[in-house]
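Here the structure is laid out as structure tokens; the discussion comes afterwards.
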Amino acid sequence: MTDISSIREMVFKENAKRIVMKMKTRCLNPDDYANSAKTILNDIFPNWESDNRILFLAVEVFEERAFMAFDINHHDYDFRTAHQDKSPLPVYVLKRVHKGRNWDLIRLPRDDTIICTRLAELHRAHGYDVELPIVEDHTSVIVHANPRSPV
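For the sequence shown, our numbering assigns the number 984 to the initial residue and increments by one for each residue that follows.
Dropping the structure here:
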């Protein structure tokens, strides 16, 4: 457990990595998942939108839990080819510890390939017209109107 300023210091000092933030779905606004997720990310990484070290990729929403995926220091990311990405980054899970001000940042090597594959699939399914972060709402019917060609 540590405070969020220590987490920020830790994640920025190393090479590229992928952070998956776990939260309760009720923390997000059901009428605007993307913007409410951006607000949460801004609470943790102020001014992240102008920080080229942070790339907010996706939000997946389920009944009870939601997951935000963002990359740190991933300067080789290419939106046009992200659906073909097979190069996993080290995955860390970021979650608030109970209701306090402390956070846990846990390295999960077993998720490196799983998360890489899932993000590639989200890019493929949502096509080229989507804006980041990609939002996948599993609480309602999912329609992918203009997917990219299969790999």
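Glycine included, C-beta positions come from ideal geometry on N, C-alpha and C.
Those residues which DSSP pairs with residue i across a bridge
i, result
"Y1075", "I1002 and R1090"
Beta-carbon proximity of residue i to residue j, cut-off 7 Å
i, j, result
"M1004", "M1051", "yes"
"I1002", "F1045", "no"
"H1121", "A1065", "no"
"D1095", "P1071", "yes"
Backbone secondary structure at residue i - three-state DSSP
i, result
"I1125", "coil"
"D1120", "strand"
"D1095", "helix"
"K1021", "helix"
Whole-angstrom distance between residue j and residue i, CA atom to CA atom
i, j, result
"L1077", "L1088", "5 Å"
"E1043", "H1081", "21 Å"
"A1128", "H1109", "7 Å"
"P1073", "L1024", "19 Å"
"R1131", "R1101", "15 Å"
"I1027", "I1098", "21 Å"
Please give me, in chain order, every unbroken run of the beta strand (DSSP E) with length at least 3 that falls completely inside the stretch 1030 to 1079. For the stretch 1030 to 1079, whole beta strand (DSSP E) runs of length 3 or above, ordered along the chain, are 1037 to 1044, 1048 to 1055 and 1074 to 1079.
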